[in-house]
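Position one of the sequence shown corresponds to residue 9 (the numbering used here), numbered consecutively onward.
Every residue gets a Cβ at the ideal spot worked out from N, C-alpha and C, and that includes glycine.
Treat the numbers as computed from the prediction; the structure is a model and nothing was measured.
Take a look at the structure below.
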Amino acid sequence: MTDLNKYPPAEQWHDWTELDAKAWPDKVEKNYTLVPTTCFNCEAGCGLVAYHDKETGEIRKIEGNPHHPGSRGRNCAKGPATINQIYDTERVMFPLRRVGERGSGQWERISWEEALTEVGEKIRTAFVEGRKNGVMYHVGRPGEEGYTDRVLKAWGVDGHNSHTNICSSNARIGYQSWMG
Numbered sequence: 009m010t011d012l013n014k015y016p017p018a019e020q021w022h023d024w025t026e027l028d029a030k031a032w033p034d035k036v037e038k039n040y041t042l043v044p045t046t047c048f049n050c051e052a053g054c055g056l057v058a059y060h061d062k063e064t065g066e067i068r069k070i071e072g073n074p075h076h077p078g079s080r081g082r083n084c085a086k087g088p089a090t091i092n093q094i095y096d097t098e099r100v101m102f103p104l105r106r107v108g109e110r111g112s113g114q115w116e117r118i119s120w121e122e123a124l125t126e127v128g129e130k131i132r133t134a135f136v137e138g139r140k141n142g143v144m145y146h147v148g149r150p151g152e153e154g155y156t157d158r159v160l161k162a163w164g165v166d167g168h169n170s171h172t173n174i175c176s177s178n179a180r181i182g183y184q185s186w187m188g
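Here it is in structure tokens:
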């Protein structure tokens with residue numbers, strides 16, 4: 009069982025104050041709203057708590073959620089490292105269109121409307137031409153793919169690809185063979 013004394017009490021998550029570790033040795037208080045969330049760095053979907061700084065609006069840290077029924081506050085390093093993904097300087101925050109040759113690294117920013125229109129037109133063209141096998145989608149990590157998978161299957165498309173397919177599926181097959 010998780011020692012809940014190490015975590016802020018859930019009834020105080022809307023208004024939690026603690027000392028800012030980055031300000032040490034000065035004792036600077038930070039006020040947070042603790043937001044329960046889920047880790048999307050693997051298929052386990054462990055529970056996390058994001059510390060939302062009330063003053064700046066930033067997420068200042070992420071740790072395990074002791075009240076999550078599955079992970080109970082215990083997480084691997086990927087969960088708390090989610091903060092690195094949030095603030096990664098190379099994180100793509102908007103749609104991009106390739107403008108150079110494939111592999112040239114040349115992109116231009118486009119609107120969400122343009123991106124969705126282009127993708128929709130290409131999917132429609134493939135369907136009109138009878139090329140359902142010309143439609144494929146890839147999700148890097150789990151989370152939303154259940155919805156997308158159902159929509160595409162309803163259209164008769166079997167073009168799902170994900171991190172699981174190309175990374176952990178081999179380990180799962182090996183484990184299944186070993187364990188029986």
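Taking the C-alpha atoms as reference points, what is the distance between LYS35 and TRP24? One C-alpha to the other measures close to 16 angstroms.
By how many angstroms is the C-alpha of PRO44 removed from the C-alpha of ASP28? 20 angstroms
Runs of beta strand (DSSP E) lying entirely within the stretch 18-95, each at least 3 residues, in chain order: The qualifying runs are 24-27, 37-46, 55-61 and 67-72.
What is the DSSP secondary structure of TRP115, reduced to helix, strand or coil? In the structure shown, TRP115 sits in a strand (DSSP, three-state: E or B).
Count the other C-beta atoms from every protein chain shown that fall within 10 angstroms of the C-beta of PHE48, then say buried if there are 16 or more, exposed otherwise. buried
Those residues which DSSP pairs with ASN169 across a bridge: Note: ASN169 sits in a beta bridge opposite HIS146.
Can you tell me whether ARG105 is helix, strand or coil according to DSSP? strand
Starting from the Cα of HIS22, find the closest Cα among TYR40, ARG105, TRP32 and ALA31 and give me that residue. TYR40
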